[in-house]
Amino acid sequence: MKFLQWLHRWTGLILLIQLMLWTISGLYFALVDHHGMKGHQYFSMQQPEALNRAQLANLSPAWWDEFNGVTKVHSYTNQGLPRVEVHHQDGITYLDGRDGSLWQTDQNFAQQIAQASYSGPGSLARVTPIERTRELHDWRGQGYRIDFDDDLNTRVYVDRASGTVIDHRNTPWVVADWMFRLHFIDYTGGRNFNNMVAIAAAVMTLWFALSGFILLIKLLNSGEMRFTLRKASLTADVGERQFKFSDKAHKTVLQVLQHNDIAVESGCGGGGTCGFCAVKAAPDTPVTVSDRAQLSATQLEQGYRLACQHSIEMLHKVEVPETDARKYSLQLKESSFITPMLRELRFEVSDGPVEYAAGQYMQFLIPEGAGQSRPADIPEDYENEWHAIEACDFKHDAVRRSYSMATAAGGTELVFTVRYQPQAPGALAPGVGSSYLCNLEPGATIIAEGPFGDFQRLAGADRKLCFIGGGAGMAPLRALIQEELTSHQPRPMQFFYGARNRGEVLYIDEFVELDNAGKLRFIPVLSEPRETCQWCDAEGFVHETAKTWLLQQDISEYDFYICGPPRMLSATLAMLKELKVDPSRVRYDDFGN
Numbered sequence: 001m002k003f004l005q006w007l008h009r010w011t012g013l014i015l016l017i018q019l020m021l022w023t024i025s026g027l028y029f030a031l032v033d034h035h036g037m038k039g040h041q042y043f044s045m046q047q048p049e050a051l052n053r054a055q056l057a058n059l060s061p062a063w064w065d066e067f068n069g070v071t072k073v074h075s076y077t078n079q080g081l082p083r084v085e086v087h088h089q090d091g092i093t094y095l096d097g098r099d100g101s102l103w104q105t106d107q108n109f110a111q112q113i114a115q116a117s118y119s120g121p122g123s124l125a126r127v128t129p130i131e132r133t134r135e136l137h138d139w140r141g142q143g144y145r146i147d148f149d150d151d152l153n154t155r156v157y158v159d160r161a162s163g164t165v166i167d168h169r170n171t172p173w174v175v176a177d178w179m180f181r182l183h184f185i186d187y188t189g190g191r192n193f194n195n196m197v198a199i200a201a202a203v204m205t206l207w208f209a210l211s212g213f214i215l216l217i218k219l220l221n222s223g224e225m226r227f228t229l230r231k232a233s234l235t236a237d238v239g240e241r242q243f244k245f246s247d248k249a250h251k252t253v254l255q256v257l258q259h260n261d262i263a264v265e266s267g268c269g270g271g272g273t274c275g276f277c278a279v280k281a282a283p284d285t286p287v288t289v290s291d292r293a294q295l296s297a298t299q300l301e302q303g304y305r306l307a308c309q310h311s312i313e314m315l316h317k318v319e320v321p322e323t324d325a326r327k328y329s330l331q332l333k334e335s336s337f338i339t340p341m342l343r344e345l346r347f348e349v350s351d352g353p354v355e356y357a358a359g360q361y362m363q364f365l366i367p368e369g370a371g372q373s374r375p376a377d378i379p380e381d382y383e384n385e386w387h388a389i390e391a392c393d394f395k396h397d398a399v400r401r402s403y404s405m406a407t408a409a410g411g412t413e414l415v416f417t418v419r420y421q422p423q424a425p426g427a428l429a430p431g432v433g434s435s436y437l438c439n440l441e442p443g444a445t446i447i448a449e450g451p452f453g454d455f456q457r458l459a460g461a462d463r464k465l466c467f468i469g470g471g472a473g474m475a476p477l478r479a480l481i482q483e484e485l486t487s488h489q490p491r492p493m494q495f496f497y498g499a500r501n502r503g504e505v506l507y508i509d510e511f512v513e514l515d516n517a518g519k520l521r522f523i524p525v526l527s528e529p530r531e532t533c534q535w536c537d538a539e540g541f542v543h544e545t546a547k548t549w550l551l552q553q554d555i556s557e558y559d560f561y562i563c564g565p566p567r568m569l570s571a572t573l574a575m576l577k578e579l580k581v582d583p584s585r586v587r588y589d590d591f592g593n
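For the sequence shown, full-length UniProt numbering assigns the number 1 to the initial residue and increments by one for each residue that follows.
Here it is, written out as structure tokens:
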């Protein structure tokens, strides 16, 4: 047993040294901007330009007939010269778009490519042909290294076969690379986490844990140790403040934060579909399917996780993003149906105006208690829309529901459109939030928190705006349009709005008036028309109508804003992806409902 204790101590000392290396490298990662670690300080990303008509006319399919299993062909310009990228079963081949010959990148052209991607203050120092380099772990071939004499010793690597920039490297990247090696015990720099050093460290750690467990059993048997059991707790860092609290088990981090009045953005109510409630935890925190779907690889590597997908038993400490959101007391002024299933609610803010940007939303705190499933003032003409909905009372826990403002900021009231969620087959009750809000009487008050969200207008005076929406998605789109109309020089706008029939087109008179005044082009699209609608000259699905129109436009001139039911949203995003719309020019609002 004494030998076991001796070996355990020395193993612990070795692991402590490695822990110090982890701590030092971890502090480096915490203090240094992760963008600076990439070596991209002077990297000016160049977007490939499409070929003009004359260049397209010069392309010949005969150029790639000799390749087997061609899957796709891309054509674009490289420093003004047409290039064709052919994907086939043997790999990728690059052709000169002028005559179909293999693409050639000589030293002078490599300099032009490197300088086009470089935005720093230095000048070109030298060009060196290379076939491999330790600074590019996954690249082998022929290329060039172009050095610039700037303060960061920037090096640009250009691939000879494709004529593209492989990557930028500089001194900060070298430091970060060594920190990664120390942190991941990968001293070869090959990004192989299964190297012998890492395996040896893992075996030592396993031995340390097993020997510690054996020693622990011995201590327990000797009565030298006592356990203290506590409830699951969570520490949340918000700015420079720190909150410590305990709560019941099986609560998510999001629920605990909200219960303790720490503002956290959440659009889908904890469903894991909006990705807004990201908090920073330890990098080794398990990654859920929703985490991987909603967060980028960089965010996951830094430790960001969705608060709604992790319990406080898994995350004991998180960093919460700072926000200007706060709670407001809203008093209902007016409530009325504007379609068979949509109700407009107008609130007065009793504790000062709410400063928000068009496209943002508020989280309504629906109190615990009873809610009536069926509003009492259903318009007589809409009675058939509710024939399957039976009145009932139901109990529910306190929940939060998100609704976007339906008008631009600047007024004395907040306007929302709430879609009533009827009782789904097999469900015990209809939608909790919509039932409660749709049954509020004028004069009633409710607490709302916000504003939240980044579904806002993109900058660019020369851009045109294309809005595609449906259902309750009208609210943020209407606010964005109103905000744009207040601009000094409003930009051209196209608005496609989908509904089942004429009676479900929100604010149609308002948008028809704007269309007649030439302030925007409004195109309602009906999927189940019941009667002739003078202004609803399109039938079918809204994304298909928008696609037909976009095929006749220069889509590079447009910014896109999409909000609506989940199926419409996913179909529209897929359509824009098919048309190769730049994702940075697309904004959408997804509340996951």
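For every residue, glycine included, the Cβ atom is placed at its ideal position computed from N, Cα and C.
Are the CB atoms of residue 185 and residue 18 within a distance shorter than 9 Å?
yes
Residues that DSSP places opposite residue 493 in a beta bridge
465
Pop quiz: residue 315 and residue 293 are said to be a contact at Cβ under 8 Å. What is the actual Cβ separation, rounded to whole angstroms?
With a Cβ gap of about 19 Å, residue 315 and residue 293 do not count as contacting.
Rounded C-beta distance between residue 166 and residue 159? I'm assuming under 8 Å.
5 Å
Within 8 Å: the Cβ of residue 521 and any heavy atom of the ligand FAD?
With respect to small molecules bound, the structure shown includes none, and the ligand FAD cannot be examined in it.
For residue 455, does the count of other Cβ atoms within 10 angstroms reach 16, so buried, or fall short, so exposed?
buried
Terminal residues of the beta strand (DSSP E) in which residue 521 lies:
521-526
In terms of residues, what are the limits of the alpha helix (DSSP H) holding residue 177?
171-183
Buried versus exposed call for residue 9 [16 or more other C-beta atoms within 10 Å across all chains shown]:
exposed
Please name the residue in 459, 438 and 497 whose C-alpha comes closest to that of residue 467.
497
In chain order, what are the residue ranges of uninterrupted beta strand (DSSP E) at least 3 long that sit wholly in the stretch 86-121?
91-96
Below 8 Å on the Cβ atoms is my guess for residue 420 versus residue 434; work out the distance and round it to an integer in Å.
5 Å
Rank 462, 569, 582 and 482 by C-alpha distance to the C-alpha of residue 274 and give the top, closest one.
569
Quick test of your reading: residue 342 and residue 472, contact by CB under 8 Å. State the CB separation rounded to the nearest angstrom.
6 Å
Got a sec? Which residues, its chain only, sit under 8 Å from residue 398 by beta carbon, not counting five neighbours each side?
365, 366, 367 and 368
When you compare only the Cα positions, how much space is there between residue 310 and residue 438?
32 Å
Touch check for the stretch 517-524 and the stretch 442-452: three-plus C-beta pairs under 8 Å?
no
Could you give the residue range of the alpha helix (DSSP H) that holds residue 451?
Residue 451 -> not in any alpha helix (DSSP H); beta strand (DSSP E) instead, spanning 445-452.
Spatial neighbours of residue 28 within its chain, please: C-beta separation below 7 Å, excluding the five flanking residues on both sides.
179
Classify residue 489 as buried or exposed, calling it buried when 16 or more other Cβ atoms lie within 10 Å of its own Cβ.
exposed
Within 10 angstroms of the Cβ of residue 50, are there 16 or more other Cβ atoms? Answer buried if so, exposed if not.
exposed
Endpoints, the beta strand (DSSP E) within which residue 278 is located
278-280
Under three-state DSSP, which class holds residue 310?
coil
Run through the DSSP bridge pairs and tell me what residue 405 is partnered with.
416
For residue 594, does the count of other Cβ atoms within 10 angstroms reach 16, so buried, or fall short, so exposed?
It is not possible to answer for residue 594, since the shown part of the chain is limited to 1 through 593.
Could you please give me the residues that DSSP links to residue 49 through a beta bridge?
77
In chain order, what residues of the same chain have a beta carbon less than 7 Å from the beta carbon of residue 74, not counting five sequence neighbours either side?
85
Within a Cβ cutoff of 6 Å, which residues of the same chain sit near residue 408, ignoring the five residues on either side of it in sequence?
358, 479, 482 and 483
Looking at the strands, I want to know which residues DSSP matches up with residue 400.
365
So residue 347 and residue 360 are in contact, right, with Cβ under 8 Å, and what is the actual spacing, rounded?
Their Cβ separation, rounded to whole angstroms, is 15 Å, which puts residue 347 and residue 360 out of contact at 8 Å.
Compare the beta carbon distance of residue 559 and residue 458 with 9 Å and say whether it is the shorter of the two.
yes
Might you give, ordered along the chain, the residues of its own chain that have their beta carbon closer than 7 Å to the beta carbon of residue 136, omitting 5 neighbours on each side?
157, 166 and 167
Cα-Cα separation between residue 90 and residue 43, rounded to whole angstroms:
31 Å
In the DSSP assignment, find the beta strand (DSSP E) that holds residue 328 and state where it starts and stops.
326-337
Return the first residue and the last residue of the alpha helix (DSSP H) that residue 161 is part of.
It is not in any alpha helix (DSSP H) - residue 161 carries neither H nor E in the DSSP assignment.
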